[in-house]
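*Asks:* Per the working numbering, the sequence shown runs over residues 2 to 157.
Yeah, the Cβ is synthetic: ideal placement off N, Cα and C, and Gly gets one too.
Attaching a single structure in structure tokens format; questions to follow.
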Amino acid sequence: MKKLFFVLLFPVSFFAQEKLTLDNILTISDKNSFLKEVIENGYSEGNSTKDKIYYGKGFKKEKTEATDWAEYTLSNGEFYFEQSNLSYVRKNGDCYYDVVVADIKAKCNFLGIKEHKGKTKKVNNFTTYDCPGKSYKGEIGFAQVDGNGVVLLFSK
């Protein structure tokens with residue numbers, strides 16, 4: 002009976018760790034805790050540079066395209082998570098971005114709107130929140146940018 006219970010429970014616990022959650026994000030305080038979260042949530046290392054660490058899921062074309070991205074900036078400790086093509090993942094019921102955003106709205110305190118300049122140098126507005134129990138120094142923000150869901154740390 003114990004073996005049957007383990008076999009039935011194992012797949013649930015294994016797949017449950019593949020989704021990023023607000024609780025995961027709140028534990029990130031430095032490079033090592035960022036790496037722990039991305040590795041344990043099924044991300045693979047991408048084309049990192051001396052300034053930034055890149056991880057992704059569903060890599061294509063020499064790791065320049067992915068379904069999900071995670072980035073950590075070494076100079077200031079900022080990080081972000083991006084889920085690509087929200088309209089597609091929402092149709093398939095696999096949108097962790099919506100779950101993380103709902104948790105932020107329910108558990109954290111609204112601070113305001115902040116601008117962030119992305120890779121394309123386009124400025125985007127992010128809704129920012131202060132979350133109790135956070136390990137990072139700064140504010141968490143979220144926005145939909147070009148059809149993708151982005152959760153970003155604005156470090157202090």
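1. Taking just the CA atoms, how far does Asn42 sit from Leu21?
2. Name the residue from Ser156, Gly119, Lys138 and Phe155 whose alpha carbon lies nearest to the alpha carbon of Asn149.
3. Assuming Gly134 and Leu154 are in contact, meaning their beta carbons sit under 8 Å apart, how far apart are those beta carbons, in whole angstroms?
4. Leaving out five residues before and five after Ser85 in sequence, what residues of the same chain have Cβ atoms less than 6 Å from its Cβ?
5. If I'm right that Ile141 touches Cys96 with Cβ under 8 Å, what's the distance once you round it to whole angstroms?
6. Helix, strand or coil for Ser156 per DSSP?
7. In terms of alpha-carbon separation, which member of Phe143, Ile105 and Ala107 lies closest to His117?
8. Check Asn110 in the structure and name its three-state DSSP category.
9. Under DSSP, the beta strand (DSSP E) around Glu72 begins and ends at which residues?
10. Using only alpha-carbon positions, find the residue among Asn48, Glu72, Glu66 and Ala103 that is nearest to Val39.
11. Have a look at Asp104, Asp131 and Asn125 and flag the residue whose alpha-carbon is nearest the alpha-carbon of Lys115.
12. Beta carbon of Tyr158, beta carbon of Ile105: below 8 Å?
13. Relative to the C-alpha of Cys132, which residue among Lys122, Phe111 and Thr121 is closest?
*Replies:* With the given structure in hand:
1. 6 Å
2. Gly119
3. Their Cβ separation, rounded to whole angstroms, is 15 Å, which puts Gly134 and Leu154 out of contact at 8 Å.
4. Thr68 and Asn149
5. Contact flag wrong, Cβ pair sits at about 18 Å.
6. strand
7. Phe143
8. strand
9. Asp69 to Thr74
10. Glu72
11. Asn125
12. In this structure the chain extends from 2 to 157, so residue 158 is not present and cannot be described.
13. Phe111
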